[in-house]
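One structure below.
Numbering (this note's numbering), first residue to last: 122 to 374.
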């Protein structure tokens, strides 16, 4: 198993849901944390909880990751401070629903910035240091939506497809090193995601701890991605990649 004790873990979108649970999981393993989100009050509350419970160091950064260049600026800031990030968890992300023609222009840019640009900038900014030290972990949050384009969810599906493809390529580039990379592709999770997206979850959402435990197991096994869903859904997700687009889109309605 990968040893996280004493390592520095950067988690984006850490103020609630998956991000907060990632923080608890890594804190329990003895990692020091850098928590990033817009809601500083929630970060500080979580930080107090984890410092008290585990005696670790927790740094809270209020950053708007939808802003242009936010990921690059954060990576450069940490490097300039001499902070070595051993584990990067690109967890921040959100989705929108509705047809492309109905989307608000600012919301489109924000979604692409958070889901794609910031993930890319942080990875590109922090990976060279990991390679130099020949040690590091990168966990990118994708989705089952990465395997299937869906009408009225075009932006979310497209951004998560990017995250999955980007992560798989990164896994291939780093496999001969001691860097470990995986994309986590879960089904519906019990978080604020669906309220933000303005949709209702299909079926009963899983607890946030389930995909995180699967993510850490995937890192141990050096898997490029892990699908966190029932066996039938896992198989269907992989098959969706092989179907003609016209068929997959009709099935996804």
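We put the CB at the ideal spot given by N, CA and C, even for glycine.
Query, Result
"Per DSSP, cross-strand counterpart(s) of residue 346", "304"
"Alpha-carbon to alpha-carbon, residue 245 and residue 195", "12 Å"
"Alpha-carbon to alpha-carbon, residue 325 and residue 192", "33 Å"
"Spatial distance of residue 171 from residue 148 (CA atoms)", "7 Å"
"Cβ-Cβ distance between residue 247 and residue 209 below 8 Å", "yes"
"Extent of the continuous beta strand (DSSP E) to which residue 231 belongs", "Segment 226–233 is the alpha helix (DSSP H) holding residue 231; no beta strand (DSSP E) there."
"Expected contact under 8 Å - CB spacing of residue 345 and residue 307 to nearest Å", "With 8 Å as the limit, residue 345 and residue 307 do not qualify as a contact, their Cβ atoms being about 16 Å apart."
"Helix, strand or coil at residue 158 according to DSSP, with G and I counted as helix", "strand"
"Rounded C-alpha distance that separates residue 213 from residue 169", "21 Å"
"Bridge partner(s) assigned by DSSP for residue 211", "261"
"Distance between residue 158 and residue 302 (C-alpha atoms, nearest Å)", "22 Å"
"Separation of residue 183 from residue 189, as counted between CA atoms", "15 Å"
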